[in-house]
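Residue numbers (the working numbering): 30 to 287. All residues carry an ideal CB built from backbone N, CA and C; glycine is no exception. The block underneath contains the structure these notes are about, expressed in structure tokens.
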């Protein structure tokens, strides 16, 4: 018998404007506000974080190392997600698994939670660890975003992705200017060091805020995966039922009954 074509993977149908009022798109935006948005804050304030955690000590070579780690970590995260997507796709084609790439959505914010926890509690000599974890989490987030948008939505994939990318712009204002900057300056004035602030307390509370944001982002990412997983299972069951009914009709036709 001729080989049957594979059942197409279910996707959310409709335009970007239709999805703009959906829970899923805003949950994705919130997840990226945590993954990408808070990472932007760290990248823009790497020098201040390093100086404060090091009690005012500053070495340009060390800061350059941290900035390089941010770039390398982001690349590692994106490569990891690319390899994971290829592996899951191969398993799905072979019938070994039905796992969706969206399962990787919570990995990014979880890594960011660990990074901000370490920023808050570790000494300056161990800063390379949170910088690396945060960068990998950021890379994982944007890497899985490319595949997730393609998997989730049938139309306007670029618009959906760019909408989530806008979270970085919002974070630059809300988290960078009005949260990190204001708290940093207030502590600097309190210590009489403004415009600098040369103590770990200058950035500790900001790290806790960023940690909480990523806890929320983790649950938001889990919600996206859970809802899409239920959606795909429901649609696949409908497609299988329709295919089985069609097969029964064919078998009951006069040609097959003779």
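Is it true that the CB of residue j sits closer than 8 Å to the CB of residue i?
i           : j           : result
residue 45  : residue 264 : no
residue 250 : residue 118 : no
residue 144 : residue 166 : yes
residue 70  : residue 205 : yes
residue 156 : residue 95  : yes
residue 232 : residue 127 : no
residue 65  : residue 104 : no
residue 72  : residue 98  : no
In whole angstroms, give me the CA-to-CA distance for residue i and residue j.
i           : j           : result
residue 230 : residue 146 : 14 Å
residue 258 : residue 178 : 14 Å
residue 215 : residue 43  : 47 Å
residue 48  : residue 260 : 15 Å
residue 151 : residue 75  : 15 Å
residue 239 : residue 67  : 6 Å
residue 175 : residue 130 : 11 Å
residue 63  : residue 142 : 9 Å
residue 220 : residue 85  : 12 Å
residue 132 : residue 241 : 21 Å
residue 158 : residue 106 : 15 Å
residue 93  : residue 121 : 42 Å
residue 41  : residue 153 : 46 Å
residue 55  : residue 223 : 38 Å
residue 267 : residue 199 : 40 Å
residue 184 : residue 227 : 50 Å
residue 211 : residue 87  : 22 Å
residue 83  : residue 207 : 24 Å
residue 270 : residue 262 : 12 Å
Using DSSP bridges, identify the partner residues of residue i.
i          : result
residue 41 : 182
Is it buried or exposed for residue i, if we count other Cβ within 10 angstroms and need 16 for buried?
i           : result
residue 191 : exposed
residue 81  : buried
residue 112 : exposed
residue 247 : buried
residue 110 : buried
residue 115 : exposed
residue 51  : exposed
residue 108 : exposed
residue 202 : exposed
residue 137 : buried
residue 38  : exposed
residue 197 : buried
Please report the Cβ distance between residue i and residue j, rounded to the nearest whole angstrom; I am assuming they are in contact, meaning their Cβ atoms lie under 8 Å.
i           : j           : result
residue 140 : residue 173 : The pair is not a contact, with the Cβ atoms about 12 Å apart (cut-off 8 Å).
residue 194 : residue 235 : Contact doesn't hold; Cβ gap of about 23 Å is too wide.
residue 124 : residue 161 : Going by Cβ atoms, the distance from residue 124 to residue 161 rounds to 37 Å, so no, they are not a contact pair.
residue 218 : residue 53  : Residue 218 to residue 53, Cβ: 43 Å. No contact.
residue 91  : residue 79  : 7 Å
residue 237 : residue 164 : Rounded, the Cβ-Cβ distance is 20 Å, inconsistent with contact.
residue 57  : residue 245 : Contact doesn't hold; Cβ gap of about 13 Å is too wide.
Hey, does residue i have any beta-carbon neighbour from chain C nearer than 8 Å?
i           : result
residue 229 : Checking the listed chains, one finds no chain C in this structure; it contains a single protein chain.
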